[in-house]
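Student:
Numbering (our numbering), first residue to last: 75 to 707.
#1: To the nearest angstrom, report how far apart residue 319 and residue 559 are at their CA atoms.
#2: Based on the DSSP output, what are the partners of residue 464 in its beta bridges?
#3: Beta-carbon within less than 8 angstroms of residue 267's beta-carbon, same chain only, minus the 5 sequence neighbours each way: which residues are those?
#4: Entirely within the segment 668 to 705 and at least 4 residues each: give me those alpha helix (DSSP H) ranges in chain order.
#5: Taking buried to mean at least 16 other C-beta atoms within 10 Å of its own C-beta, is residue 645 buried or exposed?
#6: Where do the N-terminal and C-terminal ends of the alpha helix (DSSP H) with residue 343 fall, by residue?
#7: Give the secondary structure of residue 139 by DSSP, where H, G and I count as helix, E and B as strand, and everything else as coil.
#8: I need the straight-line Cα distance from residue 694 to residue 239, nearest angstrom please.
#9: Should residue 264 and residue 683 be called a contact, given that it needs their Cβ atoms to be closer than 8 angstroms?
#10: By the DSSP assignment, the alpha helix (DSSP H) with residue 328 in it spans what residues?
#11: Per DSSP, what kind of secondary structure is residue 556 in: helix, strand or coil?
#12: Counting C-beta neighbours from all protein chains within 10 Å, is the total for residue 104 16 or more, i.e. buried, or is it exposed?
#13: Should residue 700 be labelled buried (16 or more other beta-carbon atoms within 10 Å of its own) or exposed?
#14: Between 661, 672, 576 and 698, which lies nearest to residue 642 when the distance is taken from Cα to Cα?
#15: Rounded to whole angstroms, what's the CA-CA distance from residue 496 to residue 353? Just pull it up for me.
#16: Using 10 angstroms around the beta-carbon of residue 511, count the other beta-carbons present and answer buried if the total reaches 16, otherwise exposed.
#17: Alpha carbon to alpha carbon, how far is residue 398 from residue 363?
#18: Can you tell me whether DSSP reads residue 250 as helix, strand or coil?
#19: Among the residues of its own chain, which have a CB less than 6 angstroms from the CB of residue 64, if the five just before and after it don't count?
#20: Nearest to residue 470 by CA position, among 121, 108, 327 and 82, is which residue?
#21: Tell me whether residue 276 sits in a helix, a strand or coil according to DSSP, three-state version.
#22: Using a Cβ distance threshold of 8 angstroms, determine whether the segment 101 to 118 contacts the segment 520 to 530, with at least three qualifying pairs required.
#23: Flag this pair as yes or no: are the beta carbons of residue 348 and residue 374 separated by less than 8 angstroms?
#24: Kindly examine the ligand NAP and report whether one of its heavy atoms sits closer than 7 angstroms to the Cβ of residue 482.
#25: Can the beta-carbon of residue 417 be found less than 8 angstroms from the beta-carbon of residue 448?
#26: Below 8 angstroms, how does it come out for the segment 538 to 556 and the segment 506 to 520: are there three or more Cβ pairs, yes or no?
#27: Mapping the DSSP letters down to three states, classify residue 229 as helix, strand or coil.
#28: Where do the ends of the alpha helix (DSSP H) carrying residue 639 lie?
#29: Determine, using beta carbons only, whether residue 184 and residue 208 come nearer to each other than 8 angstroms.
#30: Do residue 486 and residue 500 have their CB atoms nearer than 8 angstroms?
#31: Over what stretch of residues does the alpha helix (DSSP H) that includes residue 234 continue unbroken?
#32: Note the first and the last residue of the continuous beta strand (DSSP E) segment covering residue 171.
#33: Which same chain residues end up closer than 8 angstroms to residue 215 when comparing Cβ atoms and leaving out the 5 residues on each side of it in sequence?
#34: Could you check how far apart the C-beta atoms of residue 434 and residue 403 are, in whole angstroms? I think they sit under 8 angstroms.
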């Protein structure tokens, strides 16, 4: 009989050394660890100290050595170029080893940094794993990121080499990556020695003869590189997340703890077996891409999908269903915003019924709160469990989830379910007093955080402590707000800076948004707090409607105001909503509520570097002006 969720979670908290030590035995170590958990210098906890390993060996070579070499490891599906390619573990191991040899020939050694600035093509994964093979530290920057933001990251991590591509393809346009990269290097104080450019057919880049070489040139005459043994605690990668000060924070992930956690989550959280096809519809520029396009599936011996496209428009809202059907996907992991986009374009699910989903069994959502309406729509259309789960760039994997491989529990709409084993989650007030069930407060996680979470910020230990550990001693501050119910289910309602204070009453934007999405014509919503002379702040709603809606806009607004009044109460003081064509989002799908709030309140704001389409902000401003906000001076 399998152990229950409560037994597994209890063991992980009460005896983490035994729990994680047993799981680490499933991976390859050149030298075993001396200590599972080194807690001698809190909050700088270290996992598997003294152990020597290599993440690339465990993700690729190990499977070849153990007889899985002919299984498909990577499927590249690019509707924007009309390309589908498949690589076995042996083929991908050989590609990675050769490119690692190319980096080695250019002087890349253990501990050196390599920036990877690429679209969603197999070469992005090859470059990441090649760095891991050498013990070099990769820092992936989302392809097409603005030059200034790329320059800041170049200066912070000081890469020996930058690996890029001549172009990316977004929104049907060719994006000249090389031009953006050249300008970033011009802006940066630190100059990389070499840039390796993968030339794509859609746009050939001009090269700087003194610094640049093509991917093909880099491979000429080099020998494949062997895996370099590294300490468990050596950094695997740096992943930058936007900082509130404007200076990005370089999240550092280690090798040993990371690979142990990644492999364990595939079976325990996602219930995926080696040999099955797992698809994280994200980008390697984000943490989801690092964890669940590259490392976790390959460590677990699964087939992973590299998707170059969008949920709608490449070419239609049926793209996801085609890929699931064509490649026998067992589990899909994507952002709620992707499903809201599909629901908006195909509210009746007509495209879904064109495809066979015989192997597909679970949908996981994360990145933004999964509103109940979207979850119910997906359940109805797909006929499989839809699991919302919650995690962050800093943690690298889920803090809360309905663990399908341990003991699946009932789905509660609006909840990310219970704390995943390894995490002890509490809801507290500012005095660090634990709050009763159902009371909203700050969500914190008791230290030490489990393996695979961040170990610090790149060369910024003090900032690591100030940003995450200072306000609640002994706990990690998630900066998310919510509550835990009597069954232990966690409800993430908003970021702590998205709490609206209406005449002394603290209200969550997420709770109001859930009511707005209950309206049958609403595909997506966002709520912000706007200044009010009497009450300090009042909520303002933004509504994106489904395609083909013919209900008068003023009637929809009237109805959603009534919904909020009935289900949250007059205390919310929700009296205004505006209909917009789309919401401003980051490239990973997060709605830019803080920027919208500044526009509404006529405050100065800077263009967010992660914004997907800057033109949307002008649309938001124009819509706000029709109801008396976003006044121009």
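Where is the CB? At the ideal position from N, CA and C, for every residue including glycine. Quantities reported herein were computed from a predicted structural model and do not represent experimental measurements.
Tutor: The answer reads as follows:
#1: The residue labelled residue 319 in the question sits at position 245 within the chain shown. The residue labelled residue 559 in the question sits at position 485 within the chain shown. Confidence is the limiting factor: at residue 319 the pLDDT is only 48, short of 50, which leaves the residue's position unreliable, though a coordinate-based value still follows. Approximately 34 angstroms between the Cα atoms of the pair.
#2: Here residue 464 refers to the residue found at position 390 when the chain shown is read from its first residue. When DSSP reads this structure, residue 464 sits in a beta bridge with 474.
#3: Your numbering for residue 267 matches position 193 in the chain shown. 180, 181, 234, 235 and 285.
#4: 689 to 699, all fully within the segment 668 to 705.
#5: Numbered from 1 along the chain shown, position 571 holds the residue referred to as residue 645. Exposed, since its Cβ has fewer than 16 Cβ neighbours within 10 Å.
#6: If you number the chain shown from 1, residue 343 lands on position 269. Segment: none, residue 343 is in no alpha helix (DSSP H) and carries neither H nor E.
#7: On the chain shown, position 65 is the one that residue 139 refers to. Here residue 139 sits in helix by DSSP.
#8: In the chain shown, the residue the question calls residue 694 occupies position 620. In the chain shown, the residue the question calls residue 239 occupies position 165. Taking the straight line from one Cα to the other gives about 33 angstroms.
#9: The residue you call residue 264 lines up with position 190 of the chain shown. The residue you call residue 683 lines up with position 609 of the chain shown. Cβ distance not < 8 angstroms, so residue 264 and residue 683 don't count as in contact.
#10: Locating residue 328 in the chain shown gives position 254, where the first residue counts as 1. Counting along the chain, residue 328 falls outside any alpha helix (DSSP H), though it belongs to the beta strand (DSSP E) covering 323 to 328.
#11: Here residue 556 is taken as the residue at index 482 of the chain shown, counted from 1. Here residue 556 sits in strand by DSSP.
#12: By 1-based counting over the chain shown, the position of residue 104 is 30. Residue 104 sits exposed, since fewer than 16 C-beta atoms from the chains shown fall within 10 Å of its C-beta.
#13: The residue given as residue 700 occupies position 626 in the chain shown. Residue 700 is exposed by the Cβ-count criterion.
#14: By 1-based counting over the chain shown, the position of residue 642 is 568. Closest by alpha carbon: 576.
#15: Translated into positions along the chain shown, residue 496 becomes position 422. Translated into positions along the chain shown, residue 353 becomes position 279. Cα-Cα distance, rounded: 24 angstroms.
#16: Within the chain shown, residue 511 is the residue found at index 437, counting from 1. Around the beta carbon of residue 511, a 10 Å sphere encloses fewer than 16 other beta carbons of the protein chains shown; the residue is thus reported as exposed.
#17: The sequence position of residue 398 within the chain shown is 324, counting from 1. The sequence position of residue 363 within the chain shown is 289, counting from 1. In this structure, the straight-line span from the alpha carbon of residue 398 to that of residue 363 is close to 18 angstroms.
#18: As a working note, residue 250 is residue 176 in the chain shown. Residue state for residue 250 is assigned as strand, using DSSP reduced to three classes.
#19: The structure shown does not extend to residue 64, since the chain is modelled only from 75 through 707, so no value can be given for it.
#20: By one-based count along the chain shown, residue 470 stands at place 396. Of the residues 121, 108, 327 and 82, the one whose Cα lies closest to the Cα of residue 470 is 327.
#21: Reading the chain shown from its first residue, position 202 is the one you call residue 276. In the three-state scheme derived from DSSP, where H, G and I count as helix and E and B as strand, residue 276 is classed as coil.
#22: Counting C-beta pairs closer than 8 angstroms gives three or more between the segment 101 to 118 and the segment 520 to 530, which meets the contact rule.
#23: Here residue 348 refers to the residue found at position 274 when the chain shown is read from its first residue. Here residue 374 refers to the residue found at position 300 when the chain shown is read from its first residue. Here residue 348 is near residue 374, since their CB atoms are less than 8 angstroms apart.
#24: Of ligands this structure carries none, so the ligand NAP is not represented either.
#25: By one-based count along the chain shown, residue 417 stands at place 343. By one-based count along the chain shown, residue 448 stands at place 374. Yes.
#26: The segment 538 to 556 vs the segment 506 to 520: in contact.
#27: Here residue 229 is taken as the residue at index 155 of the chain shown, counted from 1. Residue 229: helix per DSSP, three-state reduction.
#28: Translated into the one-based positions of the chain shown, residue 639 becomes position 565. 627 to 641 is the extent of the alpha helix (DSSP H) around residue 639.
#29: The count along the chain shown starts at 1 and reaches residue 184 at position 110. The count along the chain shown starts at 1 and reaches residue 208 at position 134. Taking a C-beta distance under 8 angstroms as the contact criterion, residue 184 and residue 208 qualify as a contact pair.
#30: Your numbering for residue 486 matches position 412 in the chain shown. Your numbering for residue 500 matches position 426 in the chain shown. Going by C-beta atoms, residue 486 is not nearer than 8 angstroms to residue 500.
#31: Counted from its first residue, the chain shown places residue 234 at position 160. Element bounds for residue 234: n/a, residue is neither H nor E.
#32: On the chain shown, position 97 is the one that residue 171 refers to. Unbroken run through residue 171 is the alpha helix (DSSP H), 163 to 179; no beta strand (DSSP E).
#33: Residue 215 sits at position 141 when you count from the first residue of the chain shown. Result list for residue 215: 189, 190, 191, 223, 224, 227, 314 and 359, in chain order.
#34: Locating residue 434 in the chain shown gives position 360, where the first residue counts as 1. Locating residue 403 in the chain shown gives position 329, where the first residue counts as 1. Between residue 434 and residue 403 the beta-carbon gap is near 6 angstroms, inside 8 angstroms, which marks them as a contact.
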